[in-house]
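Step one of this worksheet: look at the structure below.
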Amino acid sequence: MGSFTAITPVCSFLHANDLSSRIKCLNISYQQKRRHEGLRRKSGVVAYYGLKKPPYNLDALEPYMSQKTLESHWGEHHKGYLDALNRHLSKSDILYGYTMDELVKVTYNYGNPLPEFNDAAQVWNHDFFWESMQPGGGESPTLGLLQQIEKDFGSFPNFKEKFIEAAMTLFGSGWVWLVLKKKEKQLAVVKTSNAVTPIVWDDIPILCLDVWEHAYYLDYKNDKAKYVNVFMDHLVSWHAATARLARAQAFVNLGEPKIPVA
Ligand SMILES: [Fe+2]
Numbered sequence: 358m359g360s361f362t363a364i365t366p367v368c369s370f371l372h373a374n375d376l377s378s379r380i381k382c383l384n385i386s387y388q389q390k391r392r393h394e395g396l397r398r399k400s401g402v403v404a405y406y407g408l409k410k411p412p413y414n415l416d417a418l419e420p421y422m423s424q425k426t427l428e429s430h431w432g433e434h435h436k437g438y439l440d441a442l443n444r445h446l447s448k449s450d451i452l453y454g455y456t457m458d459e460l461v462k463v464t465y466n467y468g469n470p471l472p473e474f475n476d477a478a479q480v481w482n483h484d485f486f487w488e489s490m491q492p493g494g495g496e497s498p499t500l501g502l503l504q505q506i507e508k509d510f511g512s513f514p515n516f517k518e519k520f521i522e523a524a525m526t527l528f529g530s531g532w533v534w535l536v537l538k539k540k541e542k543q544l545a546v547v548k549t550s551n552a553v554t555p556i557v558w559d560d561i562p563i564l565c566l567d568v569w570e571h572a573y574y575l576d577y578k579n580d581k582a583k584y585v586n587v588f589m590d591h592l593v594s595w596h597a598a599t600a601r602l603a604r605a606q607a608f609v610n611l612g613e614p615k616i617p618v619a
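Residue 358 is where the sequence shown starts when you use our numbering, and the numbers rise one by one after that.
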């Protein structure tokens, strides 16, 4: 994802549509901001976020997710969110310099989203979604992920049933996630509406499924159940999920080092 060296810390609270508060809250010193603006003017370069490609060819998920769907979903919907985000950002450079993760969190603004939030979160969610699938995916997880799923859900079939049920009962458009909850150190299935993403609650995503209608209508019309089951049986990348869980567990464990007692 095209982003830049962060020059500001993530804000603890922002007041929507209140630019002075936003500047103050972002903790950008006047000198720092002037210097930054000067550099941008001098170079004449104004760059925003770039469109990240899925980690496979657009026809690689056939026949379960068609090239036509990828061309529309990634090439039009995902790109549309990115273009809209960059248009928002071009109006002011107050949010310049954030990584995409930081931008999503700071624009969520503790439940009082700024205008940039929906597009930023949809870009983040879609990037994560493409990387939650792989050609030849599906079947079942192995190694540490399987053990953790069995510990937290009782069994893999129980987890699968819960994930599918969450997708089928999601009202309207949104996302279904497998996340690692930091405090509980447990896996959980959560669903979010519209663009909301669990990183705003500090959950660590392991997998996600896009259950907006634009994700499946070209291949499955209104048959959401078929789409969700096909994702589980043929598309989900347990390889990616295993790597994400290993990183997440290492990160969570770093918060509480086990220091041996002498
Ligand atoms: Fe989507």
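Heads up, the beta-carbon is just placed ideally off N, CA and C, and yes, glycines get one too.
Annotation for A441: the continuous alpha helix (DSSP H) segment containing it runs K436 to S447.
Nearest Cα to L527 within the set W481, Y413, L415 and V568: V568. Taking the CA atoms as reference points, W487 sits about 18 Å from F520. In this structure, W481 sits near V461, with a CB-CB distance shorter than 8 Å. At least one heavy atom of ligand 1 lies less than 7 Å from the C-beta of A572.
Across the set M525, G501, T554 and P555, the C-alpha of G501 shows the shortest separation from the C-alpha of R604.
Residues of the same chain with a CB within less than 7 Å of the CB of L575, apart from the 5 flanking positions on each side, are S423, K425, T426 and S429 in chain order. Residue pairing of G531 in beta bridges, as defined by DSSP: S550.
Counting C-beta atoms within 10 angstroms of its own C-beta, N466 has 16 or more neighbours from the protein chains shown and is therefore classed as buried. Membership of L460 in the alpha helix (DSSP H) is indicated by the continuous run M457 to Y465. Collapsing the DSSP output to three states places D567 in a strand. Measuring C-alpha to C-alpha distances from H435 to each of H483, A417 and L418 identifies H483 as the nearest. In the same chain as I506, and ignoring 5 residues on each side of it, the C-beta atoms closer than 6 Å to its own belong to F513 and F516, in chain order.
Residue state for K517 is assigned as helix, using DSSP reduced to three classes.
Under the 10 Å beta carbon count, P420 is surrounded by fewer than 16 other beta carbons and is classified as exposed.
Inclusion of W569 in the 7 Å shell around ligand 1 follows from its C-beta lying nearer than that to a non-hydrogen atom of the ligand. Relative to ligand 1, the beta carbon of H430 is positioned inside 7 Å of a heavy atom. The alpha-carbon of T499 is positioned some 8 Å away from that of T599.
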